[in-house]
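Here the protein sequences come in this chain order: L and S.
The working numbering puts the first sequence at residues 1 to 212.
The working numbering puts the second sequence at residues 1001 to 1236.
Think of the CB as a built atom: it goes at the ideal place given N, C-alpha and C, for glycine as much as any other residue.
What follows is a single structure, written as structure tokens, with notes after it.
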Amino acid sequence: MTKGWTPDQMAARCALDIPDGSYINLGIGMPERVADFVPEGREFIYHSENGLLGMGPTPPETKRNPDLINAGKKPVTLNPGASFFHHADSFAMIRGGHIDFCVLGAMQVAPNGDLANWTTGGAAIPAVGGAMDLVAGVKSIFVVSRHTTKDGSPKLVEACTYPLTGLGVVKRVFTDLAVIEVTENGFHVVELAPGVSFDEVRDKTGTEITAT
Amino acid sequence: MIDKTVPSVEDAVASINDGDTVLVAGFGAAGSPVELIHALIDHGAKELTVVNNNAGNGEVGLAALIGSGQVVKMICSYPRSGGSVVFPDLYKAGKIDLEVVPQGTLAERIRAAGAGIPAFYTPTSVGTPLADGKEVKEFDGKTYVMERWLPADIALIKADVADKHGNLTYNMTARNFGPVMCMAAKTTIVQAREIVDAGGINPEHVVTPGIFVDRIAHVAHPEHEETLLQAGRRYP
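Put into structure tokens, the structure is as follows:
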């Protein structure tokens, strides 16, 4: 048996924690996979910040329309009940607290909920998109991310060293190793992936972490 | 009789001046007013400040305008994307300025300009480098950062249907920044796929009311930036 969760399993585990009828914004990359794992009997409504509610799955090659795209600029479809709106209305939905969940990737998360996910700083061309608006306005921010970077450094750290996206915004983190709640007392493991021990999670976390 | 149509895209952009701030509609390729942008390249106005969510793709449309050397500053939320080469090269060479603005703040700064509101407070970017040097204030126990409006001289917009009064509809997610950009410029210039007489659009279906529009050029078969990119085209 493979140890830990695959990216698809991480996305599926995240989807389990989202209630029926939620309005959801999915970040670009791994978070997009959450839409492939809607639990039986639930209906989610997807918001895409370029101006679409009720976004459906990727169309086949022959049914693509370059004027019907998502925030990642990829072709999408419309679910029944979909609507279009302009950018200021779209971000009023976000900033005004109308979207229930946003699932994002992360470079670093701190135990106080601070998130860094937009730039490593330095010479890179700064590009933020809607990330700062989403973390400031959406009711619950979930992170789906590998537990460590490609070179094995922890992504759950004592304090973010990369430029921040938002202060105290992350509620829950779904990694390949565990589901971690951000509590008043810091990181707390609520579930371990199959075959993963709490000791391993603790070793791969850059700050204090607890479990029940 | 009110008739805001002009004979061509060339006529539509003729009044753009050196040093103007130009709002360019579009999110990636969707909603990009390609024919108006190319007409602006031919027109030659320079020292422009351009506002768009991105900074162009490939070597057509906005990227071609940037590549022509007519743009001194970009104001955008996401200047990095897969097919973006012209802007990154100029930026790294120190030949173009960049102001990065969170996407929702960008939309709201434009909307505020159109609504006559010079500044507003937002929770977005509090505690991050993008709030550095900006005034912050607490309201009901939460901290907000003050952002200024973003008024402009010109807006370049791609509509689907326009009537002669300037009432507009858009096509799907090509709407994006169009409606707020129409509001925020002294002169709003539209290219429309179809132009109808006043009354030809159901008032219930009007997305941008004509009061926000100054000039309309008919572009019956607009080239989609995505199609041009996939064909590897460049302009001129």
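Query, Result
"Beta strand (DSSP E) segments (min. 3 residues) lying fully within the stretch 20-75 of chain L", "23-26, 45-48 and 52-56"
"Selection of the stretch 1108-1132 of chain S by Cβ proximity to chain L, strictly under 8 Å", "Glu1108, Ile1110, Arg1111, Thr1122, Pro1123, Thr1124, Ser1125, Val1126, Gly1127, Thr1128, Pro1129 and Leu1130"
"Stretch pair the stretch 1137-1152 of chain S + the stretch 1007-1018 of chain S: three plus CB contacts closer than 8 Å", "no"
"Proximity test, Ala123/L beta-carbon vs the ligand MN heavy atom, cut-off 6 Å", "The ligand MN is absent from the structure shown, which contains no ligand whatsoever."
"Thr1105/S - containing alpha helix (DSSP H), residue span", "Gln1103 to Ala1115"
"Contact list for Gly129/L against chain S, beta-carbon separation under 7 Å", "Ser1077, Tyr1078 and Gln1103"
"Whole-Å CB distance - Ile1002/S paired with His1165/S, under 8 Å assumed", "5 Å"
"Proximal residues to Thr77/L (C-beta, below 8 Å), its chain only, five neighbours per side dropped", "Met55, Gly56, Pro57, Thr58, Pro59, Lys63 and Leu68"
"His87/L: first and last residue of the uninterrupted alpha helix (DSSP H) it sits in", "His87 to Arg95"
"Test item: CB-CB of Glu1226/S and Pro154/L under 7 Å", "no"
"Collapsed DSSP secondary structure at Gly1083/S in the structure displayed", "coil"
"Expected contact under 8 Å - CB spacing of Phe91/L and Gln1103/S to nearest Å", "7 Å"
"Host beta strand (DSSP E) of Gln1191/S (start-end)", "Ala1185 to Val1196"
"Helix, strand or coil at Glu1223/S according to DSSP, with G and I counted as helix", "coil"
"Chain S residues whose Cβ lies nearer than 7 Å to that of His87/L", "Ala1107, Asn1176, Phe1177 and Val1180"
"Close beta carbons around Leu167/L, own chain, < 6 Å, minus the five adjacent residues each side", "Asp114"
"Within-7 Å CB hit, Gly96/L to chain S", "no"
"For Val1009/S, the first and last residue of its enclosing alpha helix (DSSP H)", "Val1009 to Val1013"
"Own chain, CB closer than 8 Å to Val1136/S, minus 5 neighbours either side, in chain order", "Val1126, Thr1143, Tyr1144, Val1145 and Met1146"
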